[in-house]
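**Student:** In mature numbering (1 follows the signal peptide of the UniProt record, and there is no 0), the protein residues as written are -20 to -1, 1 to 82. Ideal placement from N, C-alpha and C gives every residue a C-beta, glycine not left out.
Below you can see the structure in the form of structure tokens.
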């Protein structure tokens, strides 16, 4: 169950973020494009189902800093580490954790 949650979180992080695309053409490296920015999550797609977080009290978000990410899912906070290679940002399922608020 924990592994499934981690995979679902990783899949949702990038389903719909409002900010600069990793594939945009720029002189900066891709890792620099995501560093020190807060991405607002606009849409979450898991197993073909779309979730709209617009009604959340605080908007779900994710930010990146020094190969680590931090975010808020609407109830819980999540965090972990990532790697960038070429134009791909990769999060491993075993590198994700979250709080478990009730």
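1) Per DSSP, what are the beta-bridge partners of residue 26 in this structure?
2) Between the Cα of residue 73 and those of 67, 81, 63, 39, spot the shortest distance and give me the residue it belongs to.
3) Residue 66 to residue 58, Cα distance in whole Å?
4) May I have the straight-line CA-CA distance separating residue 17 from residue 50, to the nearest angstrom?
5) Would you mind giving the Cβ-Cβ distance between residue 42 and residue 33, rounded to the nearest angstrom? I have them listed as a contact below 8 Å.
6) How long is the line joining the alpha carbons of residue 30 and residue 79, rounded to whole angstroms?
7) Let me make sure I understand the geometry here. Which of 68, 44, 38 has the alpha-carbon closest to that of residue 56?
**Tutor:** Checking against the coordinates, here is how it stands:
1) 29
2) 63
3) 25 Å
4) 11 Å
5) That belief does not hold up - the Cβ atoms of residue 42 and residue 33 are roughly 12 Å apart, past 8 Å.
6) 23 Å
7) 38
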